[in-house]
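**Student:**
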Amino acid sequence: MTTATAQAFPNIAFIKYWGNRSDRLRLPANGSISMNLAGLYTQTCVSFEPGLAADALVLNHVPSLGRSLHRVISFLNVVRRMAGKKDFARVTSENNFPTGAGIASSAAAYAALAVAASHALGLDLSECELSRLARLGSGSAARSVPGGFVEWQKGEADADSYAYSIATPEHWALVDLIAIVANEHKPVGSSEGHRLAGTSPLQAARVAGAEQRLEIGRNAILARDFAALAEVAELDSNLMHAVMMTSSPPLFYWQPASLALMKIVPQWRKGGLPVFYTLDAGPNVHLICEASSAEILKSHLDEIPGVISTIQAGPGGPAHLVPDCTLI
Ligand code: PMV
C-alpha cells in the first residue's frame, strides 16, 4: 500500500478564469490571478491498495458516488498513467470550512489530490508539473498549488498552462471577508459554466481585454497599490458576470444581498475604507480589504440585511504534504 496526505487552500481570483479553449485539458480562454486563502483548507489522504476492486471516495465522511466519484476516477487515471501503475485508490477528503457555504472547494480539492496522489505513486513532480496536473481536475486548482499571490498563464498547450507565485503570502496583508448570503449549492457548476461562456456575445470582448487587466492586476499586487487592484478586480468580476448573464441559457448567480453589497462597497471605498468586491460562480461576495480595516469592515457587514455570516481568510501558502492520514 502506498499512502500520502496533502493539504491545500482554496483561492479567490482577482482576475477571473471563465471559459476554456479546451474543456478536456482545461486550457483557459485567458490567464488569471488569485490569492490563496489561509486557514480554510482541504485535507486529502490517498491510499493505493493492491486489493481494491475500484477507486473509492469519501468526502466529508460521506461515501461519494456519481459525478464527483467519476471526476476523481478520471483524475486518478491520469496519475496512474504518469506513474505506470494500476492499483485502485481509497481517497478520503475533508474540508475544514463549511460545505455549502459557497466557497469554491474544487480548487483546494484537486490541488490536494494532485500532491497526495502523485506522491503516493512515487512521482517526484515539480511545482509547475503539479500545477498542470491539478488543472486537469479543476482549472482554478492550478492556482492553489503555488503559494501566496498566484498567476496562471494560459499557455499555448498543456505543457505551458500552469500557475506560479508572483508574491509570497507575507508580501501583502490582504484579507478576504466572505459575506455569505446563501447557503445552498449553486444550480449550475463551473464546469458547465465554462462550456457556456462562448455562447455569450460578450466573452470575446472580455477575453480580448484580459491581458491588459492581468498586467494592471499583477503590477498593483507587486506595488501593493490597493486602489489600482480594487478598480481592475471589480471591473473583471463584473465582466465575468456580464458574460454569465448573457450566456445561452443565461446564468444569474446573484441574490439581492449580492447586488446590495456591490453597490455599497464602492461607496465605502470613496468614504476612505480600502475595500473592493469580487464574486465567483455563486452569490456570496468576497470583500477584499487590508488587514488593518478588517474589523471595521466586519462591523459594517453585520448591518447589511441578507448577510447570514462572514468567513475571514488572509493570504495562504502552497499545497503541501502533511505527515500522515490523520484527518481533521
Ligand atoms: O476551477 P473551476 O472550474 O471551478 O472555475 C472557477 C471559476 C471562477 O471561480 C468563477 C473564477 C476563478 O478564476 O476562480
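Following our numbering, the numbering of the sequence shown begins with 55 at its first residue and continues without gaps. Ideal placement from N, C-alpha and C gives every residue a C-beta, glycine not left out.
Going by the CB atoms, is the gap between Pro64 and Ala158 shorter than 7 Å?
**Tutor:** The answer is yes: Cβ separation under 7 Å.
**Student:** Exposed or buried, Arg272, counting other C-beta atoms within 10 Å across all chains shown (16 or more means buried)?
**Tutor:** Buried.
**Student:** Rank Gly247, Ile127, Leu327, Arg75 by C-alpha distance to the C-alpha of Ser347 and give the top, closest one.
**Tutor:** The shortest Cα separation from Ser347 among Gly247, Ile127, Leu327, Arg75 belongs to Leu327.
**Student:** Buried or exposed for Phe68, going by 16 or more other Cβ atoms inside 10 Å?
**Tutor:** Burial call: buried.
**Student:** What residue range does the beta strand (DSSP E) around Tyr95 cover?
**Tutor:** Note, Tyr95: premise wrong, no beta strand (DSSP E); not H, not E.
**Student:** Could you tell me which residues DSSP puts in a beta bridge with His131?
**Tutor:** Note that residue 131 is Asn in the sequence shown, not His. Per DSSP, none; premise fails for Asn131.
**Student:** Quick one: what does DSSP say Leu327 is sitting in, helix, strand or coil?
**Tutor:** Residue state, collapsed to three classes: coil.
**Student:** Alpha carbon to alpha carbon, how far is Gly336 from Arg121? Give it in angstroms, no decimals.
**Tutor:** Taking the straight line joining both Cα atoms gives about 20 Å.
**Student:** Whole angstroms is fine: what's the gap from Asn114's alpha carbon to Asn149's?
**Tutor:** Cα-Cα distance, rounded: 7 Å.
**Student:** Is the CB-CB distance between Leu187 and Ala213 below 7 Å?
**Tutor:** Not closer than 7 Å, so no.
**Student:** Is the closest heavy atom of the ligand PMV to the C-beta of Tyr164 under 6 Å?
**Tutor:** Checking the Cβ of Tyr164 against the ligand PMV gives no.
**Student:** Got a sec: does the ligand PMV put a non-hydrogen atom nearer than 6 Å to the Cβ of Tyr216?
**Tutor:** For the ligand PMV, not one heavy atom lies less than 6 Å from the Cβ of Tyr216.
**Student:** Going by C-alpha to C-alpha distance, which of Glu205, Leu293, Glu181 sits closest to Ala258?
**Tutor:** Ranking Glu205, Leu293, Glu181 by Cα distance to Ala258 puts Leu293 first.
**Student:** As a quick exercise: from Arg135, Ala311, Pro255, pick the residue whose alpha carbon is nearest that of Ile232.
**Tutor:** Among Arg135, Ala311, Pro255, the Cα nearest to that of Ile232 belongs to Ala311.
**Student:** With the cut-off set at 7 Å, would you say Tyr218 and Pro200 are in Cβ contact?
**Tutor:** For Tyr218 and Pro200, yes; Cβs fall inside 7 Å.
**Student:** Report yes if the CB atom of Asn84 is closer than 7 Å to the CB atom of Ile234, and no otherwise.
**Tutor:** Against a cut-off of 7 Å, the Cβ pair of Ile234 and Asn84 comes out as no contact.
**Student:** For the region 290-308 and the region 345-364, state whether three or more C-beta atom pairs, one from each stretch, are separated by less than 8 Å.
**Tutor:** Counting Cβ pairs under 8 Å, fewer than three are found: no touch.
**Student:** Check the C-beta distance from Glu285 over to Tyr331 and give it rounded, since I have them as a contact under 8 Å.
**Tutor:** With 8 Å as the limit, Glu285 and Tyr331 do not qualify as a contact, their Cβ atoms being about 12 Å apart.
**Student:** Within 10 Å of its beta-carbon, does Lys208 have 16 or more other beta-carbons around it, so buried, or fewer, so exposed?
**Tutor:** It counts as buried.
**Student:** Under the criterion of a Cβ to heavy atom distance below 6 Å, does Asp334 qualify as lining the ligand PMV?
**Tutor:** Checking the Cβ of Asp334 against the ligand PMV gives yes.
**Student:** Say whether the region 78-98 touches the region 359-369, bearing in mind that this needs 3 or more beta-carbon pairs closer than 8 Å, one atom from each stretch.
**Tutor:** Verdict: yes, contact present.
**Student:** Taking the alpha carbon of Leu81 as the reference point, which residue from Gly93, Thr57, Ser192 has its own alpha carbon closest?
**Tutor:** Per the Cα distances, Ser192.
**Student:** Measuring CA to CA, which of Glu205, Met298, Ala281, Leu313 is closest to Gly325?
**Tutor:** The option with the nearest alpha carbon to Gly325 is Ala281.
**Student:** Just to confirm, are Val340 and Ile66 a CB contact at a threshold of 7 Å?
**Tutor:** Rather than Val, the amino acid found at residue 340 in this sequence is His. Cβ atoms of His340 and Ile66: closer than 7 Å.
**Student:** If you follow the alpha helix (DSSP H) that Ile270 is part of, which residue opens it and which one closes it?
**Tutor:** Element bounds for Ile270: 264-276.
**Student:** Specify the secondary structure class of Gln366 as computed by DSSP and reduced to three states.
**Tutor:** Gln366: strand per DSSP, three-state reduction.
**Student:** Applying the 10 Å Cβ sphere with the 16-neighbour rule, what's the burial state of Ser44?
**Tutor:** Missing from the structure shown is residue 44; the chain here goes from 55 to 382 and no further.
**Student:** Is DSSP giving His374 helix, strand or coil here?
**Tutor:** Correct three-state label for His374: strand.
**Student:** Measuring straight from C-alpha to C-alpha, what distance separates Leu130 and Gln321?
**Tutor:** Cα to Cα, Leu130 sits roughly 47 Å from Gln321.
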